[in-house]
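A short write-up of the structure that comes next.
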Amino acid sequence: MVRVGRGKRRYLLFHLTTEGGRPEAWRVEKAVYEAYKKLFGVKGLSEAELAWISYEENSGFGILRCSHRAVARVRTALTLIDELDGRKARICTVRVSGTGKTLKKTLSQMKSS
Amino acid sequence: MRRFIDLQVHWPGSLEEAELLASHLRKLGFKAVALTASKLEEAENRQTLKKVFEEKGVEALSRLNLKPEGSRQLLEALRACRRSFEIVSVICLSKQVARQAAKDHRVDTLLFPGRAVRLMDEAEVELARSSGVAFEFSLSMLLNLEGRLPGYLAEAGRNVKRALRKGIRLVFSSGASNIYGLRAPRDLAATVETLLELPSGFGLLTVSKFPMEIVERNKAKLSRAFIEPGVRLVLG
């Protein structure tokens, strides 16, 4: 069931790979928002309904939420991030899902395997 | 099932680097990769490298990127190297080179870095269509543009639309020089689709079907059974 007043949402599980140690969560979050804003502007950012759900510094896995119409745009913004905190970096989308619960399950499965 | 290929990854400098690249490519979901050399000598250790990639479950192909200064230099390089590589691409920096490369059926893809994107005009599209040459963009090329990216995308977007109407194939690759330059195939597809405003679902073809077709065609051409286009020796 979708609540009246908001559209469908998608959750993206991503993985960060960096040269050397992993940066703090707030730096990653800032880089993602900045990359999206640089590409699609403030209006695009508001339309994407981008939300930072979680990020684990130890594993480099994180979850983002966005409008279902903005998935490709979010993927593009993540792809164009090539540097974080002055170090070479890569952010790849691992999986996209309609619920955060599925992604959390995927994440725990990936960690255990 | 879709088979993803990264058509441009720099030639690894050592076996350790090759192993690392192979395991990352496998994790990201690629089935094949084209290792790119800029000259013939760079690709001497190709058999060893191919084995390393094979062990990780990734098929490694050899690719040569030519950056000729004139059409004569291009023709000489093609004559000398074509049969040594599975993929041959030309980086077009001048009109003379771009036209010669587009009409030569030995060339697989054309790259137009920076201001050279203006060379992807109607005449270029017509020549490429008749010879079956594909247009290629790489992520590293786009990232290197930095401030010039908006202008490049505007010009490239217009030219790509024209090319697609004429049935030219489009290929998108990472152009990675290390593991940080690699991206997941679906991320690459989403990027090219968003930046060049391609029809929905087309991005996936640029990292799977189109480059795979080029690879299969060239493998057949390089096999001993190949006589000429349309004629193949059937071994009994």
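Chains F and C, in that order, give the protein sequences. Just so you know, we're using numbering that gives the first Met the number 0 here: the first sequence kicks off at 0 and counts up by one. Just so you know, we're using numbering that gives the first Met the number 0 here: the second sequence kicks off at 0 and counts up by one. For each residue, glycine too, the CB sits at the ideal point set by N, CA and C.
Taking C-beta separations shorter than 6 Å and ignoring five residues to either side along the sequence, the partners of C:V170 in its chain run L6, T108, A133, E135, T205, F209, P210, following chain order. From the listed residues F:L38, F:R9, F:G19, the smallest Cα separation to C:R147 is found for F:L38.
Across the structure, C:A31 and C:F3 are spaced so that their CA atoms are roughly 7 Å apart. Taken atom to atom, the span from the alpha-carbon of F:D84 to that of F:G97 is near 31 Å. If you look at F:G61, you'll find it in the beta strand (DSSP E) that goes 60-66. Between the segment 153-161 of chain C and the segment 108-126 of chain C there are three or more inter-stretch CB-CB distances shorter than 8 Å, so the stretches are counted as touching. Closer than 8 Å to the CB of F:T16 there is at least one CB belonging to chain C.
DSSP, read as helix, strand or coil, puts C:C91 in coil.
For F:L12, no CB of chain C lies under 8 Å from its own CB, so it is not counted at the interface with that chain. For C:A21, the enclosing alpha helix (DSSP H) covers residues 14-27. Under the Cβ distance rule, F:L77 counts among the residues neighbouring chain C, one pair being separated by less than 8 Å. At least one CB atom of chain C sits nearer than 8 Å to the CB of F:C91. Uninterrupted beta strand (DSSP E) stretches at least 3 residues long and entirely within the segment 30-103 of chain C occur at 31-36, 58-65, 86-90, given in chain order. Looking at the backbone, the Cα of C:V51 and that of C:E41 are separated by about 17 Å.
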